[in-house]
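With this note's numbering, letter number 30 in the sequence shown gets 300, and the count goes up by one each step, no holes.
In what follows, a single structure is set out as structure tokens and then discussed.
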Amino acid sequence: MSDDIDERAAALRFETRVVTPEGAAAVTAVLLAALDEQTAGEASVDPGRSAWIRSGGAMRRPLEVGPGRWVRAGN
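Structure follows, in structure tokens:
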């Protein structure tokens, strides 16, 4: 994991003239923490069902199956 952090930190490039080592370390830590948080959030989402589908189940009654349960709406 330390090697992964070092590679990601090395990929950062500061576009300013004056960057102290402490400032660079602080910005790097914040950016890497934000990336880790975003990655963890993406991993926790169930990709198989959308939020629309998941929430719709709570509003419907369960289907009742069996003889006589299916009738035409016009009756």
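Every residue, glycine too, gets a C-beta built ideally from N, C-alpha and C.
All values reported here derive from a predicted model rather than from experimental measurement.
With C-beta atoms as the reference, is A279 less than 7 Å away from T309?
-> Looking up residue 279 in the sequence shown gives position 9. Looking up residue 309 in the sequence shown gives position 39. The answer is no: Cβ separation not under 7 Å.
Reducing DSSP to helix, strand and coil, say where E292 ends up.
-> For the purposes of this step, residue 292 is identified with residue 22 of the sequence shown, where counting begins at 1. E292 falls in the helix class under three-state DSSP.
8 Å contact criterion, which A349 and F284 should meet: CB distance rounded = This structure leaves residue 349 out entirely; the chain is present only between 271 and 345.
Grab me the residues of G348's own chain with a C-beta within less than 6 Å of its C-beta, minus the 5 sequence neighbours each way, in chain order.
-> Since the displayed the chain opens at 271 and closes at 345, residue 348 lies outside it and no answer follows.
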